[in-house]
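Working notes, structure below.
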Amino acid sequence: MKDSMASISQLSLLKQKLHSAKVALEEVTEDNNEKLQTLLQFIGHLSLACKGQNLELDNKLAKLRHQLTTSDNVEESLPELVEVEQLLKHQYNHVMVQLEDSRASLSRVIRQIQRVESVPDKVKKEINYYKKDLTKPFHTFWDYIPKVEQLVGFYETILEEQLAQGEKLVVQPKHRQLAHELANMISEVEFRKDQRDQVLVIKETLANDIEVDSLIDSYQRILSLLLDNIAREKSASQEFLFALNDSLSAVREVVTDSYNNTQRSFQLKKQLNREISSRVDDVGEAIIDIDDIQSLKSQVTEQLASIRTALGRKDALEDREQTLLRKSMETMRKELNDLSKEANTYKERLFEQQKLNLLDTLTQLPNRAALEERMEQEFRNFQRQKLPLWVAVADIDHFKTINDNFGHSTGDKTLQVIAMALKNSLRDTEFVARYGGEEFVLIIPDVNAEDIEHLLNRVREKVKSIPFKFKNQRITVTVSIGAAQILENELINETFERADAALYRAKHESRDRVIIDV
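Note that our numbering has the sequence shown beginning at 26, numbered continuously upward.
Set out below in structure tokens:
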């Protein structure tokens, strides 16, 4: 009976402990769920804060939210958390670089504003304080945005002052012509990737109804970009020259040290040689003067020991000289290797720059400079081989209408698509370049007179078949082409002029056709 009561008591105690354990487990589970919800809310807010800054980070955060929502095991999401942490660090570094670039841009803009003479004195003081503040780095976008707002405020104040001082300048035909010429010049210049968005904005401004102030501003901005590129190139050249100068100075020091060591060794060797000769002479005199064989032996032994010591010193001197020479040669070799690497790096940069200088920025086709080089090369080949050589000039029909009706960016896109179509229509031995504006020049070697018209009409039809669609409107874009074959005793520039004249006839007769000069 007692045993039964004890068992019941123990069972009751175990039940109480089990109930307490269940309650504790429920509390732990509830606490974990609350922490998981807090983590999910944090990741949700983090996603909203980072949205649009980095596509990979957006996708990782979305994947992490999904994993935490569908899985009870937080540890399974730890690898994703590590990747998100790395992306956040990378994004932070990227933002810091952007902020530093933005600070530099604001500094350039404020320097331009300081050049405006009509700025009120009060605003000039504020601008000076503003410029001093810009020397401090930005740590967040919240440091950057107020600075931009201040800058806009300076612009508004200056514009109000200028508008109050006089009437707006009237746009004349010469201003529109200047805008057109500037737009064409921009297309011929290779800008850095980080500058291309600015250049596109300037081109859009020039393509629309231009105002005198915006025209002047466009010239100023393009000039600033070009000067920045020149300064960068100059800085790179100076760095190379400094490296070259340092290496040559190091080589000169090595050569000077080697020369000085050689001179010192030479003098020491002369001294040792004199000492050895003197010892040899002493031995000779001893042989003549001493009759006693023991004394002679002792004397000769002593002199030979002195000679051996002198020879040992001479060997040590020569070993030291060889060691110093090897060390000097190694130093010189290292300096020359470093200089060679630096020169090769600079040569590669120059080569890449030369390639860029021969490319049209917009279409990525060879530009006019590359065309002139190719024409000279093909002319030399013609003079040697006497094979047929054709020059063709293609022009997009009614291109101005596309720009006027659909915008300058649409016109640029049209040029890019047609440029690619022209390039894909030709063989590897044939050549196409953008001559300027909406004109392209084709150099076609080794094609008979019977086949050239068929070839050029195939090119024309390929352009015509491109499915252009602007503002939900299907548009057919065509090209007119004029061509001429180089004649005996004719310069290739003269052939180009005949091809251009043939294009002129094609444009004024009916367009969308090929005319061969015969």
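In this text, a Cβ means the ideal position worked out from N, Cα and C, and glycines have one as well.
Per the DSSP calculation, ALA509 is bridged to which residue(s)? Sequence index remark: in the sequence shown, residue 509 carries index 484 (1-based). Beta-bridge annotation (DSSP): ALA509 is paired with VAL416, ASP542.
Could you tell me if LEU50 is buried or exposed, where buried requires 16 or more neighbouring beta carbons within 10 angstroms of its beta carbon? Taking the sequence shown and counting its residues from 1, one reaches residue 50 at position 25. Classification for LEU50: exposed.
Within the continuous alpha helix (DSSP H) that includes GLY436, where are the two ends? What you label residue 436 is simply residue 411 of the sequence shown in a count that begins at 1. Counting along the chain, GLY436 sits inside the alpha helix (DSSP H) bounded by residues 433–450.
I'd like to confirm the pairing. Which residues does DSSP put opposite PRO470 in its beta bridges? As a working note, residue 470 is residue 445 in the sequence shown. DSSP, once it has assigned bridges, lists LEU414 as partnering PRO470.
Burial state of VAL122 (16 or more Cβ within 10 Å): On the sequence shown, residue 122 is found 97 positions in, with the first residue counted as 1. Classification of VAL122: exposed, given that the 10 Å Cβ count is below 16.
With DSSP as the reference, please indicate the residues paired to PRO391 in a beta bridge. Numbered from its first residue, the sequence shown carries residue 391 at position 366. PRO391 is bridged to LEU384.
Have a look at the DSSP bridge pairing and note the partners of ALA526. Residue mapping note: residue 526 aligns to position 501 of the sequence shown, counting from 1. DSSP output for ALA526 lists no bridge partner at all.
Can you tell me whether GLY507 is buried or exposed, with buried defined as 16 or more other CB within 10 angstroms of its CB? Mapped onto the sequence shown, residue 507 falls at position 482. Residue burial annotation: GLY507 is buried, with at least 16 other C-beta atoms found within 10 angstroms of its C-beta.
Proximity to PHE431 [Cα-Cα], best of ASN233, PHE216, LEU131: The sequence position of residue 431 within the sequence shown is 406, counting from 1. For the set ASN233, PHE216, LEU131, the Cα lying nearest the Cα of PHE431 is the one of ASN233.
Based on the DSSP output, what are the partners of VAL504 in its beta bridges? What you label residue 504 is simply residue 479 of the sequence shown in a count that begins at 1. ILE421, per the DSSP bridge assignment.
Using only the alpha-carbon positions, how far apart do LYS149 and GLN139 sit? Translated into positions along the sequence shown, residue 149 becomes position 124. Translated into positions along the sequence shown, residue 139 becomes position 114. Approximately 7 Å between the Cα atoms of the pair.
Is any beta-carbon of chain D found at less than 7 Å from that of GLU229? This model lacks chain D altogether, as it is built from one protein chain only.
Measuring straight from C-alpha to C-alpha, what distance separates GLY461 and TYR155? One-based indexing of the sequence shown puts residue 461 at position 436. One-based indexing of the sequence shown puts residue 155 at position 130. So the two alpha carbons sit approximately 44 Å from each other.
How far does the alpha helix (DSSP H) with LYS157 in it extend, from its first residue to its last? Mapped onto the sequence shown, residue 157 falls at position 132. Counting along the chain, LYS157 sits inside the alpha helix (DSSP H) bounded by residues 146–158.
Work out the CA separation of PRO391 and ILE443 for me, nearest whole Å. Sequence index remark: in the sequence shown, residue 443 carries index 418 (1-based). Sequence index remark: in the sequence shown, residue 391 carries index 366 (1-based). Whole-angstrom Cα-Cα distance: 14 Å.
Where does ILE211 land, buried or exposed, given buried means 16+ other C-beta within 10 angstroms? Stepping through the sequence shown from its first residue, residue 211 is reached at position 186. Burial of ILE211 is indicated by the presence of at least 16 other C-beta atoms within 10 angstroms of its C-beta.
Check whether ARG459 and ASP525 have beta carbons under 7 Å apart: Indexing the sequence shown from 1 puts residue 459 at position 434. Indexing the sequence shown from 1 puts residue 525 at position 500. Cβ atoms of ARG459 and ASP525: not closer than 7 Å.
Between the segment 237–246 and the segment 196–206, can you find at least three pairs of beta-carbon atoms closer than 8 Å? With contact defined as three or more Cβ pairs closer than 8 Å, the segment 196–206 and the segment 237–246 are in contact.
Between the segment 495–513 and the segment 522–542, do three or more beta carbon pairs fall short of 8 Å? Taking a cut-off of 8 Å on C-beta distances, the segment 495–513 touches the segment 522–542, as three or more cross pairs fall below it.
First through last residue of the beta strand (DSSP E) which encompasses ARG221: Taking the first residue of the sequence shown as position 1, residue 221 is located at position 196. No beta strand (DSSP E) holds ARG221; the alpha helix (DSSP H) holding it covers 221–232.
Could you compute how far the alpha carbon of LEU318 sits from the alpha carbon of ALA330? Within the sequence shown, the letter at position 293 stands for residue 318. Within the sequence shown, the letter at position 305 stands for residue 330. Rather than Leu, the amino acid found at residue 318 in this sequence is Ile. Computed Cα separation, rounded: 18 Å.
For a test of the three-state rule: what should DSSP assign to GLY337, helix, strand or coil? Taking the sequence shown and counting its residues from 1, one reaches residue 337 at position 312. Helix, per DSSP.
I believe GLN223 touches LEU250 by the beta-carbon criterion, under 8 Å. Please report the beta-carbon distance rounded to the nearest angstrom. The residue you call residue 223 lines up with position 198 of the sequence shown. The residue you call residue 250 lines up with position 225 of the sequence shown. Taking C-beta atoms under 8 Å as the contact rule, GLN223 and LEU250 qualify, at a distance of about 7 Å.
Assuming contact is defined by CB atoms lying nearer than 7 Å, are ALA417 and LEU467 in contact in what I supplied? Reading the sequence shown from its first residue, position 392 is the one you call residue 417. Reading the sequence shown from its first residue, position 442 is the one you call residue 467. If you check the CB distance, ALA417 and LEU467 come in under 7 Å.
Three-state secondary structure (DSSP) of PHE493: Within the sequence shown, residue 493 is the residue found at index 468, counting from 1. The answer is strand: DSSP assigns PHE493 an E or B state.
ILE540: which of ASN482, LEU412, ASP146 sits nearest, CA to CA? Start at 1 with the first residue of the sequence shown, and residue 540 comes out as number 515. If we check each option's Cα against that of ILE540, ASN482 comes out closest.
Residue closest to PHE404, alpha-carbon to alpha-carbon, out of GLU513, THR435, ALA419, GLN441: Start at 1 with the first residue of the sequence shown, and residue 404 comes out as number 379. Here the closest residue by C-alpha is GLU513.
Own chain residues within Cβ distance below 8 Å of ILE152, not counting five before or after: Residue numbering aside, residue 152 sits at position 127 when the sequence shown is read from its first letter. Non-local beta-carbon contacts of ILE152 in its own chain, meaning distances under 8 Å to residues more than five positions away in sequence, involve ILE135, ILE138, GLN139, VAL144, PHE179 in chain order.
Going by the beta-carbon positions, is the gap between SER127 and LEU159 smaller than 7 Å? Counted from its first residue, the sequence shown places residue 127 at position 102. Counted from its first residue, the sequence shown places residue 159 at position 134. No; because the gap between Cβ atoms is not below 7 Å, this pair is not in contact.
Taking the Cβ atom as the reference point for each residue, do LEU579 and ILE511 lie within a distance shorter than 7 Å? Lying before the first or after the last residue shown, residue 579 is absent from the chain, which here runs from 26 to 543.
Can you tell which of PHE407, GLU185, GLU55 has its C-alpha closest to the C-alpha of ASP471? What you label residue 471 is simply residue 446 of the sequence shown in a count that begins at 1. The alpha carbon of ASP471 has as its nearest neighbour, out of PHE407, GLU185, GLU55, the alpha carbon of PHE407.
Taking only three categories from DSSP, how would you classify GLY462? Residue mapping note: residue 462 aligns to position 437 of the sequence shown, counting from 1. GLY462 falls in the coil class under three-state DSSP.
ARG246 versus GLU455: straight-line alpha-carbon distance, rounded: Counted from its first residue, the sequence shown places residue 246 at position 221. Counted from its first residue, the sequence shown places residue 455 at position 430. Whole-angstrom Cα-Cα distance: 38 Å.
Selected residue, minimal CA-CA separation from LYS489, among ARG399, LEU207, THR439: Residue 489 sits at position 464 when you count from the first residue of the sequence shown. Of the candidates ARG399, LEU207, THR439, the one whose C-alpha sits nearest the C-alpha of LYS489 is THR439.
Classify GLU463: buried if its beta carbon has 16 or more other beta carbons within 10 angstroms, exposed otherwise. The residue you call residue 463 lines up with position 438 of the sequence shown. By the 16-neighbour rule on beta-carbons within 10 angstroms, GLU463 is buried.
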